[in-house]
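Encoded as structure tokens, the structure appears first; notes follow it.
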Amino acid sequence: MDLGLTDRVALVTGGTRGIGEATVRAFAAEGARVALTYTGSKDRAAALVHELGGPERALSVRYDLSDPGHVAALVPTVERHFGAVDVLVANAVRRPAERPAPGFENLDPAVWSALLDDNLTATLRTVQSALPGMRGRGHGRIVLISSHLAARGQAGQEVYTAAKSALHGFALSLARDAGPDGVLVNVVSPGLTTTEGALCHLPAAVLAKAAAAMPTGRLGAPAEVARLVVFYGSAANENITGELVSLVGRG
Numbered sequence: 037m038d039l040g041l042t043d044r045v046a047l048v049t050g051g052t053r054g055i056g057e058a059t060v061r062a063f064a065a066e067g068a069r070v071a072l073t074y075t076g077s078k079d080r081a082a083a084l085v086h087e088l089g090g091p092e093r094a095l096s097v098r099y100d101l102s103d104p105g106h107v108a109a110l111v112p113t114v115e116r117h118f119g120a121v122d123v124l125v126a127n128a129v130r131r132p133a134e135r136p137a138p139g140f141e142n143l144d145p146a147v148w149s150a151l152l153d154d155n156l157t158a159t160l161r162t163v164q165s166a167l168p169g170m171r172g173r174g175h176g177r178i179v180l181i182s183s184h185l186a187a188r189g190q191a192g193q194e195v196y197t198a199a200k201s202a203l204h205g206f207a208l209s210l211a212r213d214a215g216p217d218g219v220l221v222n223v224v225s226p227g228l229t230t231t232e233g234a235l236c237h238l239p240a241a242v243l244a245k246a247a248a249a250m251p252t253g254r255l256g257a258p259a260e261v262a263r264l265v266v267f268y269g270s271a272a273n274e275n276i277t278g279e280l281v282s283l284v285g286r287g
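If you want my numbering, it's the position in the sequence shown, counting the first as 1, plus 36.
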């Protein structure tokens, strides 16, 4: 199947590890020119750009969710290098730090406000920045990466799950707003996936329990998530918008 991505410009935030890196590679494999963002892993980002063909095919941009200047500059930077952004994959996140004490009531409001700003507001601002070009060309694809925690919840993750849940409502409304202009908006919500972070930091028992809960008896791989993201970001997706796809294997 021709996905119609040859020389299209795909911007993937949080594109140096895990699902983000797999998505960058998947778009590049379909012939897209890819812009990826990083926060602290500059060398890793540079190596990935080199591997994908250098500046004619790939671009890395530093993008700190907590820095409004980075957020405002991202899309214009990509547009100056490649031209208009055809596909935006909003994957970058800021993980919450350990709490000093259990209980949401013990979380400093300044801390959770910053988490909402980074995980929700920064994403909305990035989408807002990409929209004018997409509307003007009558074509655009936006894929927001959520989390299975938004649907099932987890103690200690109240603010993170609130931000991810908000993406669902945002996508539903934006799909209606931007659809007449040829811009399709969808949400992909992965379950626990075999990323470097999960394999390195989660106990083996946790991984085994999550795998056992899957009908297939195994966790999904980043590349499997990436293939779905690429479809939603491609010309092969002609009319699917406002959808939430949950990749947890059990509804």
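Beta carbons are placed, not taken as given, at the ideal position from N, Cα and C, and that holds for glycine.
Quiz prompt | Per-residue burial, Val147 [other beta carbons within 10 Å of its own, 16 or more giving buried] | solution = Sequence index remark: in the sequence shown, residue 147 carries index 111 (1-based). It counts as exposed.
Practice problem: Check Tyr196 in the structure and name its three-state DSSP category. | Solution: For the purposes of this step, residue 196 is taken as residue 160 along the sequence shown, with counting starting at 1. Looking at Tyr196 - three-state DSSP - the assignment turns out to be helix.
Quiz item: If you scan the stretch 73 to 119 from start to end, which runs of the alpha helix (DSSP H) of 4 or more residues do you find wholly inside it?
Solution: DSSP runs (the alpha helix (DSSP H)) wholly in the stretch 73 to 119: 78 to 87, 104 to 118.
Self-check item: Ile303: first and last residue of the uninterrupted beta strand (DSSP E) it sits in
Solution: A question about residue 303 goes unanswered here, because the residues of the chain that appear run from 37 up to 287.
Quiz prompt | Where the beta strand (DSSP E) through Ala64 begins and ends | solution = Your numbering for residue 64 matches position 28 in the sequence shown. Not the beta strand (DSSP E): Ala64 falls in the alpha helix (DSSP H), residues 54 to 65.
Self-check item: Three-way DSSP call (helix, strand, coil) for Val121 in this model
Solution: Mapped onto the sequence shown, residue 121 falls at position 85. Val121 falls in the coil class under three-state DSSP.
Practice problem: Look up Ser165 in the DSSP assignment and say whether it is helix, strand or coil. | Solution: By 1-based counting over the sequence shown, the position of residue 165 is 129. Helix, per DSSP.
Quiz item: Hey, would you say Val107 sits closer than 9 Å to Ala166, going by beta carbons?
Solution: One-based indexing of the sequence shown puts residue 107 at position 71. One-based indexing of the sequence shown puts residue 166 at position 130. No. Outside cutoff.
Quiz prompt | Nearest neighbour of Thr113, chosen from Val70, Gly139, Ser149, Arg131 [CA to CA] | solution = Numbered from 1 along the sequence shown, position 77 holds the residue referred to as residue 113. It is Val70.
Quiz item: I think Ala46 touches Val123, with their Cβ atoms under 8 Å apart; what is that distance to the nearest whole Å?
Solution: Here residue 46 refers to the residue found at position 10 of the sequence shown. Here residue 123 refers to the residue found at position 87 of the sequence shown. A Cβ-Cβ separation of about 4 Å places Ala46 in contact with Val123 under the 8 Å criterion.
Quiz item: Under 9 Å, do Leu101 and Gly51 count as touching if we go by C-beta distance?
Solution: Residue 101 sits at position 65 when you count from the first residue of the sequence shown. Residue 51 sits at position 15 when you count from the first residue of the sequence shown. Between Leu101 and Gly51, the gap from beta carbon to beta carbon reaches 9 Å or more.
Quiz item: What separation, rounded to the nearest whole angstrom, lies between the Cα atoms of Asn222 and Asp144?
Solution: The residue given as residue 222 occupies position 186 in the sequence shown. The residue given as residue 144 occupies position 108 in the sequence shown. Distance between Asn222 and Asp144, taken at the CA atoms: about 32 Å.
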